[in-house]
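Numbering (my numbering), first residue to last: 10 to 861. Backbone N, C-alpha and C define an ideal beta-carbon position, used for all residues, glycine too. The model shown is predicted, which means the values in this text are computed figures rather than measured ones. Notes follow once the structure below has been shown.
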Amino acid sequence: MKSKLLAKQLQEIFGGEGAPQFRMLLEQARAAQQHALADGTEKLLGTVDSTYRAYAGLNLSGWHTKLSGDALTDWNIGNGTIDSGRQWKEMLGYADGDLDNSIIQWQRMVHPDDLRVLQARVDAHIQNQDSHFQAECRFKARDGQWRWFLLRGAVAARNAEGKPARLLVLQRDISDVKAAESALISAKEVAESANKARGAFLANMSHEIRTPMNGIIGMTELALDTQLDAEQRHYLKTVKSSAEALLTIVNDILDFSKIEAGKMEFESLVFSMQDTVLEAVRVLAVSAHKKGLELMADVRPEVPARIVGDPTRLRQVIINLIGNAIKFTERGEVVLRVEVDQSTEHSVYLRFSIRDTGIGVPADKQQAIFEAFSQADVSTTRRFGGTGLGLAISARLVQLMDGKIWLESTPGLGSVFSFTGRFGIEESTSVRPFEARFGGRRILVIEDNATVGQYLVELLEQLGIQASLVADGPAAVAAMERSRALDFPYDYVLADANMDAPAGFALAESWGKSPRVEKLIVMLTTENQRHDLGRLREIGVSAHLVKPIGSADLVDALALAEGPGSQELSEFVLSEIDLGGVAQDASGALNILLVEDNPVNQELATRLLERLSHRVSLANNGAEAVDLFDSGHFDVILMDMQMPVMGGVEATEAIRSREMRRSWVVSHEFKPVYIIAMTANVMAADRDRCLEAGMNDYVAKPLRSAELYAALDRARGGSGEDESFDRGSPAFGTSSQLDLGAALSDIGEPELFATMAGMLLTEWDVHLGRVRKAIDATDAHEARMHAHTLKSLLAMFHAEHARRRAMEIEQATMTVENVDWANCRRLYAALADEMALIKPSLAHYVETRVIP
Numbered sequence: 010m011k012s013k014l015l016a017k018q019l020q021e022i023f024g025g026e027g028a029p030q031f032r033m034l035l036e037q038a039r040a041a042q043q044h045a046l047a048d049g050t051e052k053l054l055g056t057v058d059s060t061y062r063a064y065a066g067l068n069l070s071g072w073h074t075k076l077s078g079d080a081l082t083d084w085n086i087g088n089g090t091i092d093s094g095r096q097w098k099e100m101l102g103y104a105d106g107d108l109d110n111s112i113i114q115w116q117r118m119v120h121p122d123d124l125r126v127l128q129a130r131v132d133a134h135i136q137n138q139d140s141h142f143q144a145e146c147r148f149k150a151r152d153g154q155w156r157w158f159l160l161r162g163a164v165a166a167r168n169a170e171g172k173p174a175r176l177l178v179l180q181r182d183i184s185d186v187k188a189a190e191s192a193l194i195s196a197k198e199v200a201e202s203a204n205k206a207r208g209a210f211l212a213n214m215s216h217e218i219r220t221p222m223n224g225i226i227g228m229t230e231l232a233l234d235t236q237l238d239a240e241q242r243h244y245l246k247t248v249k250s251s252a253e254a255l256l257t258i259v260n261d262i263l264d265f266s267k268i269e270a271g272k273m274e275f276e277s278l279v280f281s282m283q284d285t286v287l288e289a290v291r292v293l294a295v296s297a298h299k300k301g302l303e304l305m306a307d308v309r310p311e312v313p314a315r316i317v318g319d320p321t322r323l324r325q326v327i328i329n330l331i332g333n334a335i336k337f338t339e340r341g342e343v344v345l346r347v348e349v350d351q352s353t354e355h356s357v358y359l360r361f362s363i364r365d366t367g368i369g370v371p372a373d374k375q376q377a378i379f380e381a382f383s384q385a386d387v388s389t390t391r392r393f394g395g396t397g398l399g400l401a402i403s404a405r406l407v408q409l410m411d412g413k414i415w416l417e418s419t420p421g422l423g424s425v426f427s428f429t430g431r432f433g434i435e436e437s438t439s440v441r442p443f444e445a446r447f448g449g450r451r452i453l454v455i456e457d458n459a460t461v462g463q464y465l466v467e468l469l470e471q472l473g474i475q476a477s478l479v480a481d482g483p484a485a486v487a488a489m490e491r492s493r494a495l496d497f498p499y500d501y502v503l504a505d506a507n508m509d510a511p512a513g514f515a516l517a518e519s520w521g522k523s524p525r526v527e528k529l530i531v532m533l534t535t536e537n538q539r540h541d542l543g544r545l546r547e548i549g550v551s552a553h554l555v556k557p558i559g560s561a562d563l564v565d566a567l568a569l570a571e572g573p574g575s576q577e578l579s580e581f582v583l584s585e586i587d588l589g590g591v592a593q594d595a596s597g598a599l600n601i602l603l604v605e606d607n608p609v610n611q612e613l614a615t616r617l618l619e620r621l622s623h624r625v626s627l628a629n630n631g632a633e634a635v636d637l638f639d640s641g642h643f644d645v646i647l648m649d650m651q652m653p654v655m656g657g658v659e660a661t662e663a664i665r666s667r668e669m670r671r672s673w674v675v676s677h678e679f680k681p682v683y684i685i686a687m688t689a690n691v692m693a694a695d696r697d698r699c700l701e702a703g704m705n706d707y708v709a710k711p712l713r714s715a716e717l718y719a720a721l722d723r724a725r726g727g728s729g730e731d732e733s734f735d736r737g738s739p740a741f742g743t744s745s746q747l748d749l750g751a752a753l754s755d756i757g758e759p760e761l762f763a764t765m766a767g768m769l770l771t772e773w774d775v776h777l778g779r780v781r782k783a784i785d786a787t788d789a790h791e792a793r794m795h796a797h798t799l800k801s802l803l804a805m806f807h808a809e810h811a812r813r814r815a816m817e818i819e820q821a822t823m824t825v826e827n828v829d830w831a832n833c834r835r836l837y838a839a840l841a842d843e844m845a846l847i848k849p850s851l852a853h854y855v856e857t858r859v860i861p
C-alpha cells in the first residue's frame, strides 16, 4: 500500500499529460537541448519518461536511477534521512560511504547563503501549497570547489496532521552553465567598461581639443579685423579655415561617441519646419553658389507649419546630407524636399529627400557609406576630404527620431538620400492668409533652372497668383511686350540676376533707366549678394530675394514691391542700415516686448512702461520671445539676460538671425528692432556679450524709472543721455541690511512698491528653496540661475547684505566643474540669515505703507 501511494503521488507530480510539474520538467530539458546547455538532454527526456512509467507501474526499482547528470532523491522528513537517490554524492566526487544519508549531511554541503534561500523557498512551498519549489545552490565538492546545482522539488506525502512527511528533490548540475554565464557577464562588463572608458576619453579629448581650437579661431578672427596686407590676410584666412575644419572633425567624433555610448539626448520643442529647413539650407548656400549650383528647399504645403521635436538634431542631419550632396556635385542642383510620409492623430512621419546631380554612388557601396569612417571609395577621402562620420551620425540620429534612412543612386547621374522622422503635431497652428492679399495677380518668372522655376511657380500659385515661366531673356522680353500690347501687363516680374542679357542684371538696369508698369523683384545668390545689392540700390530696384527662397520671403518681397503702405511686415536688418530710431504713433507710445522670467520684475517693468501708455507684451523666457517676434511687430524689446529655457543672449542672436532671414528682401524703409538688455551684471565683459549678440542698449537692474525712460528715448532717436554699455555698478547703501527709502525713491509709487514687496514675500520660501535644492543637487547651472534671480530681487529693495550673499553664490557656481559645494552651503546659510533679518521690515511696510 505504501508503494502504491508513493507511486500515485509521483504520478501526480511528474506524470500525466496534463500534470504541470511533468510538463515543466520536459520543457526545461527541451530548452536545455535548444541552448546546447546539456549534451545528454535526449537521454534525460527518455530517462524521466521511463522513470515515470516505472513508478506508474508500481516498479520502484528504477527510482534511484541516475538521470544523465541529475539525481532524484527521496527525503524522509520524519526520520531525517534520504532513503534513495544517493547519486548526489557521486556528483560531488564522493563515494557512497564517505557521507551518511541524512538530510543534515546533505544540508552541510550547501553554501550557507544559498541554504537560507532554499529553506525560505521550501517553507513557502509548504505553507502556500505551491506546485513545487525551485532554487539554485552551491555545493561543496570533494576537491574543495563549489559546484552549482538547480534544485526542484515538491511534497510527496503528508501525515495525518497535514504536515510534510516525504519530499522529492531533483538535483541538476549546472556548474558549466553557470561558468559560461559568469564568463559572459565578465566579458560584458569588460566590454562596457572599455566602451565607457573610450567614450569618456573621446569626450574629454574632444573638450580639451575644442577649447584651444575655439581660441585659435576667435583670435584669428580678431586678427583679421586689424590692418593687414594681402599676404598676411591670406595666411590668417588659411589658419581660420583649417581650424574650423579640424573643429568640425572633433565635433563629429564627439557626436559619434555620444551616440555609441547612448548619451545622445533629444529635446521636445515646438518649432517651425519651414524656418528650420531654410536655416539649415542657408548655412550651406554660399558653398553651393560658389560652385555654381542651384540650392533649393521645397517644404510641401501639407507639412504642418509647427511641429514638436528636436530642431537642432534635425538641422544637423539636413546639413550633413546637403553638405555631402554639395561636396560630390560639380554642376547642376541640390534639392531638399519635405513631405508627409504618414500621419496619425497626434504625430506625423515626414520624409526628407535630398536629390543631387553629382557623381552618384555604386550599388555595391550604397550600404557601406552609412557605416562609421566609411566613404564610397577610399580615393574620395583624398579628393573630397571628410572623416566618413557624417552619414554614420546621420543614420543614428534618424534612428533616434524613430525613422529610417536610405539611398537611391545611379553613378554619374546623381543620388537621392531620403530619411523619415516622427514628430508631434502642435494642437493649434495658424496660417497667414496670404491668398486674399495677392489673389488674381499675374507674375512672370524668369529662371533658367527648370526645377527652381517650377518650384517658384508652385509657391506663387499657392498664393493665388497666376504665374508664367520663361527660361531665357528673349522669351521674357517677348512675353512682357505681348502682355503690354494686349493691355494686360503682368503685375510683377521675378527675375534671376545670374542670367545672360537681355535677362539678369541687364534687365534690371534697363528697368532703372525706363521704369515699366510691372514691379520688378530680382533674385540673387549668396556669393554675390554684397556686390549685387549695391548695384540694385544704384539702379533703384526696390526689392530683392536671395536664394534659396522660402514662401515667407516671397510674400515679403511681393509686399515690398507694392510700395509703402502695403507691407504687413516686421523689421528688417540690412548690412548698410541705420540702427538708430524706431517708429512710434502720434502719442509717442511704443509696442514693447518685455522678456523677463521673474514675476516681480515683470510687474515693475510693466507698470513703469504702461505709465507712459506704452503697449506691453510679455514673454517669460527667450524662446517665447522668439516666437512672439516671429508672429508680431515690436518697436523695442526689453531683454533680460539670464532666463530659463533660453537666455537673453541666445534669444537676441535668434531674433537677429530671423531679421537676416527677412533681409533677403530689401527695403531702406525697414529697420531692425531695438533691443535693450536688462541685467544686474554691469562688467565690461557683459557689455561685450550684449554687443556681440546684437543688442542696442543696456539698463541695469534693479530697474530705475529714469534710466528706463532714458533708454526708451534713445530708442526713439532722442537726446536722452547715452549711458548705454558704459555704466558702473549700481550704488547700494552698505550701512544697513535694507534701504526701503532708496528703493521707494527708485520706483516712485508707494502702492506699486507695496505690491512688489508683497509678491516677494509670497514667493520668499520658493526662491530660497530653489537655491537650496540646486545646491543640494550640486547643479551649478540651476544654482547660478536661481541665485541670480534672487540677487536681482534683493537689489531692487536695496537689501545690500543679502544681495551680496546671493551674488557670491552666483559667482561660486560660474563654472560647472570644481564648484566648492561646501562653501556654497555656507553661503546659502548666510543668505538665509540675512533674508530673515530683512523680512519683518518688508512685511511691516506691506501692512502699514510706512518705512520703519
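Sheet register partners of residue i (DSSP bridge)
i	result
SER93	ASP83
HIS553	VAL531
PHE876	Because the chain here runs from 10 to 861, residue 876 falls outside it and cannot be looked at.
GLY318	LEU278
VAL164	LEU176
ARG525	None; ARG525 has no bridge partner.
ILE684	ILE646
LEU747	According to DSSP, LEU747 bridges with nothing at all.
Rounded C-alpha distance that separates residue i from residue j
i	j	result
VAL343	ASN204	38 angstroms
LEU453	ARG544	22 angstroms
GLY421	LEU345	20 angstroms
TRP520	ILE368	40 angstroms
ASP481	ALA517	14 angstroms
LEU53	VAL126	Note that LEU53 scores a pLDDT of 38, beneath 50, so its modelled location is shaky; the value from the coordinates is reported in the next line. Cα to Cα, the separation comes out at about 27 angstroms.
LYS197	ALA206	14 angstroms
PHE158	TRP97	10 angstroms
ALA401	ILE378	8 angstroms
PRO320	ALA766	40 angstroms
ALA297	THR824	40 angstroms
Identity of the residue in the options nearest residue i by Cα
i	options	result
ASP122	GLN114, GLU145, MET100 and ALA133	GLU145
ARG151	GLU190, ASP105 and LEU193	ASP105
ASP748	ARG812, THR798 and ARG723	ARG812
GLU619	HIS807, LEU721 and PHE638	LEU721
ALA552	LEU302, GLN611 and LEU529	LEU529
ASP185	LYS172, ARG147 and ARG175	ARG147
LEU599	LEU621, LYS197, ALA796 and VAL126	LEU621
SER424	SER403, ALA838 and PRO371	PRO371
GLY301	ARG525, LEU533 and ALA488	LEU533
SER850	ALA752, GLN128 and GLU571	ALA752
VAL349	ASN329, ILE363, ARG431 and ALA306	ARG431
PRO557	LEU647, ALA570, TYR464 and ALA484	TYR464
Buried versus exposed, by CB contacts within 10 Å (16 or more), residue i
i	result
TRP673	Below a pLDDT of 50, predicted positions are generally treated as unreliable, and TRP673, at 41, falls in that range; the measurement from the model is reported next regardless. By the 10 Å Cβ count, TRP673 comes out buried.
THR857	exposed
ARG291	buried
GLY888	Limits of the chain in this structure are 10 at one end and 861 at the other, which puts residue 888 out of reach.
GLY318	buried
Same chain, Cβ closer than 7 angstroms to residue i, five either side skipped, listed in chain order
i	result
GLY631	VAL604, MET652, VAL654, MET655, GLY656, GLY657, GLU659 and ALA660
LEU637	LEU602, SER626 and ALA628
PHE514	ALA506 and ARG544
VAL131	PHE142
GLN375	LEU416 and SER418
Own chain partners of residue i with C-beta closer than 6 angstroms, once the 5 adjacent residues on each side are dropped
i	result
VAL502	LEU453, GLU527 and LEU529
SER579	In this predicted model, SER579 has a pLDDT of only 39, less than 50, meaning its place in the structure is not dependable enough to derive any value.
VAL486	PRO511
Cβ-based neighbour list, residue i, same chain, cut-off 8 angstroms, excluding 5 preceding and 5 following
i	result
ASP139	ALA133
CYS833	ILE784, ALA792, ILE818, ALA821 and THR822
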